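Quick note: to get our numbering, add 9 to the position in the sequence shown (first position is 1).
Glycine residues also receive a C-beta, built at the ideal position from the N, C-alpha and C atoms.
Being a predicted model, the structure only gives us computed values, none of them experimental.
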Amino acid sequence: MEEVAWITATVEDGGTRLDAFCAESGLFSSRAAAAKAIEAGTVRVNGAQQPKKHLVESGDVIEAQIPESKELAPVGAENIPLDVRFEDDHLLVISKQALLVCHPCDDYRSGTLVNALLHHCGPDHLCNVQGEDDRQGIVHRLDRDTTGLMMAAKTDEAGRALMEAIQVKAVDRRYLTLVHGIVPHDTGMIDAPIARSATDRTRMAVRDVPSARDALTTFKVLERFEAVRGDNGYTLVECKLFTGRTHQIRVHMAYAKHPVVGDPLYRANAPKGDSADLGLHRQFLHSYRLGFIHPVTGEQLHFADNLPTDLSYALEGIAERSMGKTEYGQEVDQMLAFAPYPSIESWVYEEAR
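Shown next as structure tokens:
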């Protein structure tokens, strides 16, 4: 059962960020836990929701719903296969398989990327810049059912530098996604703030509320596919992230009335039925390009990753309906001709578990 706690900010607290205040005052065990609660809407300042970067003032009354504490098992190393594309003493780049959660949470205490990194690198060779044992090595995340390239850090120096690079938009992160409907314009930008849904706490939504965070996604059309009975056509799109909000591409594309194929959460505007989702049981979303400057050596690193088998099969199933690739789509095809395919498929991971 949750309890509600109240704390009144003092003069000394004035100017402190809300997430930092909630952690430092003992309301939550860490700043990350406080930020999560703030984004979930369970923290209020003088009765109103505020974003985590809100600056507390003297006399403010902060109200927080404190979840019942649970005895959690320690996070340990597990021999989960990793598709490593680059590794040195400072960081590694992997191609994440589907079904792999990035870090432990209430629902997944084992079988996560952190467990795999602990086994692969050892606990003394992973960054812990977020100050939590269940986030070691993590500098950014992919959804459980999203595949593809992501970074992990071995040292705190590299971890802090990579997180800062993401924050200042110096990391090139691009995704391939197949969406419902025919996107009319070859390029576009979706600039719409994202917050927790007011009606379903498992979902995010485009909302104009104080807790919403800026979110910017650009897209380029690669290929369009004609509609037939039972669907409204498809468009293969490259999305580029300039911010890293939870479910950002999925929320933004659904907001644009072109939800991601196979997405179980954001499909209000999608045709119904397994055939409309091309037999997929997860969202068609793959992190296929990643570029950044190595935080220690200064080397410019670029990686590309082909689609895993299930997403490739879905595309092959509609290939005869193609309306032709765009010029940019042809460029991407040529680039991927030299890119490796994921070496670990989801079924391998499931078998390992």
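- prompt: With distances taken from CA atoms, which of ASP28, THR51 and ALA49 is nearest ALA365?
  reply: Limits of the chain in this structure are 10 at one end and 362 at the other, which puts residue 365 out of reach.
message: Mapping the DSSP letters down to three states, classify GLU308 as helix, strand or coil.
response: Here residue 308 corresponds to residue number 299 of the sequence shown, with the count starting at 1. Three-state DSSP puts GLU308 in coil, outside helix and strand.
- request: Would you check if the region 257-274 and the region 158-174 touch, i.e. whether three or more CB-CB distances between them fall below 8 Å?
  value: no
query: On the three-state DSSP scale, how would you describe ILE175?
result: Indexing the sequence shown from 1 puts residue 175 at position 166. In this structure, ILE175 counts as helix in the three-state DSSP scheme.
query: So, helix, strand or coil for LEU100, using DSSP?
result: The sequence position of residue 100 within the sequence shown is 91, counting from 1. Strand.
query: With respect to the alpha helix (DSSP H) encompassing LEU127, which residues constitute its N-terminal and C-terminal limits?
result: For the purposes of this step, residue 127 is identified with residue 118 of the sequence shown, where counting begins at 1. Looking at the DSSP string, the run of the alpha helix (DSSP H) that includes LEU127 is 122-130.
field: Within 9 Å, strictly: CB atoms of PHE228 and MET332
entry: Taking the sequence shown and counting its residues from 1, the one referred to as residue 228 is at position 219. Taking the sequence shown and counting its residues from 1, the one referred to as residue 332 is at position 323. Against a cut-off of 9 Å, the Cβ pair of MET332 and PHE228 comes out as no contact.
task: Report buried or exposed for PRO317, applying the criterion of at least 16 other Cβ atoms within 10 angstroms of its Cβ.
output: In the sequence shown, the residue the question calls residue 317 occupies position 308. Buried.
- request: Could you check the C-alpha separation between MET344 and TYR297 for me, to the nearest Å?
  value: Residue numbering aside, residue 344 sits at position 335 when the sequence shown is read from its first letter. Residue numbering aside, residue 297 sits at position 288 when the sequence shown is read from its first letter. When the Cα atoms are used, MET344 and TYR297 turn out to be separated by approximately 11 Å.
Buried or exposed (CB count within 10 angstroms, at least 16 for buried), GLN58: Looking up residue 58 in the sequence shown gives position 49. It counts as buried.
message: Alpha carbons only, please: which of LEU225, LEU122, THR306 and ARG153 is nearest the one belonging to PRO90?
response: Within the sequence shown, the letter at position 81 stands for residue 90. Looking at the Cα atoms, LEU122 is the closest of the given residues.
- request: Grab me the residues of HIS134's own chain with a C-beta within less than 7 Å of its C-beta, minus the 5 sequence neighbours each way, in chain order.
  value: On the sequence shown, position 125 is the one that residue 134 refers to. Excluding positions up to five away in sequence, the list reads LYS163.
message: Let me check one thing: in DSSP terms, what residues is GLN59 bridge-paired to?
response: Position 50 of the sequence shown, counted from the first residue, corresponds to residue 59. According to DSSP, GLN59 bridges with nothing at all.
- prompt: Given that a residue counts as buried once 16 or more other Cβ atoms are within 10 Å of its Cβ, and exposed if not, what is ALA323?
  reply: Looking up residue 323 in the sequence shown gives position 314. Buried, since its Cβ has 16 or more Cβ neighbours within 10 Å.
- request: Tell me whether ASP209 sits in a helix, a strand or coil according to DSSP, three-state version.
  value: Counting from 1 along the sequence shown, the entry for residue 209 is found at position 200. Here ASP209 sits in coil by DSSP.
message: If contacts are defined as beta-carbon pairs under 8 Å, then PHE293 and VAL102 qualify, I think. What distance do you get, rounded to the angstrom?
response: Within the sequence shown, numbered from 1, the residue matching residue 293 stands at position 284. Within the sequence shown, numbered from 1, the residue matching residue 102 stands at position 93. Not really, about 22 Å apart at Cβ, beyond 8 Å.
field: DSSP beta-bridge partners of PHE301
entry: The residue you call residue 301 lines up with position 292 of the sequence shown. LEU310.
- prompt: Would the region 209-227 and the region 30-39 be scored as touching if the rule is three or more Cβ pairs under 8 Å?
  reply: no
message: Assuming contact is defined by CB atoms lying nearer than 9 Å, are ILE203 and ARG150 in contact in what I supplied?
response: As a first step, residue 203 must be located in the sequence shown, where it is residue number 194. As a first step, residue 150 must be located in the sequence shown, where it is residue number 141. Not closer than 9 Å, so no.
- prompt: Excluding five sequence neighbours on each side, which residues of the same chain lie with their C-beta closer than 7 Å to the C-beta of TYR337?
  reply: Reading the sequence shown from its first residue, position 328 is the one you call residue 337. Taken in chain order, the residues that qualify are LYS229 and LEU231.
message: Relative to the C-alpha of GLY26, which candidate in ASP152, GLU12, PHE95 and LEU64 has its C-alpha closest?
response: Counting from 1 along the sequence shown, the entry for residue 26 is found at position 17. With the sequence shown as reference, residue 26 is identified as Arg, and Gly is not the correct amino acid for it. For the residues ASP152, GLU12, PHE95 and LEU64, the minimum Cα distance to ARG26 belongs to LEU64.
field: ILE175 versus PRO304, ALA328, GLU12 and ARG144, residue with shortest Cα-Cα distance
entry: The residue labelled residue 175 in the question sits at position 166 within the sequence shown. The candidate whose alpha carbon is nearest that of ILE175 is PRO304.
message: My output table needs one value for SER321: the three-state DSSP class, helix, strand or coil.
response: On the sequence shown, position 312 is the one that residue 321 refers to. Three-state result, SER321: helix.
message: DSSP three-state label for TYR264, please.
response: As a first step, residue 264 is located in the sequence shown; it is residue number 255 there, counting from the start. Note: TYR264 maps to helix in three-state DSSP.
query: How is ARG362 classed by DSSP in three states: helix, strand or coil?
result: Position 353 of the sequence shown, counted from the start, is the residue given in the question as residue 362. No answer about ARG362 holds up, because its pLDDT of 42 lies below 50 and its placement is not dependable.
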